[in-house]
Amino acid sequence: MFPKLSLIAFTLFAVVSGQQVGTQTAENHPALPWQKCTTAGCTTQSAGAVVLDSNWRWLHTTSGYTNCYTGNTFD
C-alpha cells in the first residue's frame with residue numbers, strides 16, 4: 001500500500017510544482033454583440049465575445065513564450 005500511496009503523492013507534487021504564476025499579458029476576447037431574432041423582429045441585444053483559434057495561442061515556459069503555429073501548420 002505504501003508504494004502506491006507514494007506514487008500518487010509524488011505524481012500530485014509533480015503536477016502542482018509544474019504550475020507557474022503567469023507574468024504575460026492576460027488573454028483578451030474581442031467584443032461581438034449579437035441579436036436574437038424572432039418573427040416579431042430582432043429586438044434582443046446580447047453581449048458576446050470572440051475566442052481566437054489555437055494558432056493565436058502561445059506556449060509558455062518559465063523563460064518566456066513562443067507561438068506554436070507557423071504559416072499554415074503547427075510546429
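For the sequence shown, my numbering assigns the number 1 to the initial residue and increments by one for each residue that follows. For glycine and all other residues, C-beta sits at the position ideal for the given N, C-alpha and C. None of the values given here were measured: they were computed from a predicted structure.
Residue i - DSSP class collapsed to helix/strand/coil
i: residue 46; result: strand
i: residue 11; result: helix
i: residue 59; result: strand
Beta-carbon spacing of residue i, residue j below 9 Å
i: residue 30; j: residue 16; result: no
i: residue 66; j: residue 58; result: yes
i: residue 108; j: residue 62; result: For residue 108 there is no data in the structure shown, the boundaries of the chain being 1 and 75.
Extent of the continuous beta strand (DSSP E) to which residue i belongs
i: residue 29; result: That residue, residue 29, is in no beta strand (DSSP E); it is neither H nor E in DSSP.
i: residue 64; result: 64-67
Sheet register partners of residue i (DSSP bridge)
i: residue 36; result: 44
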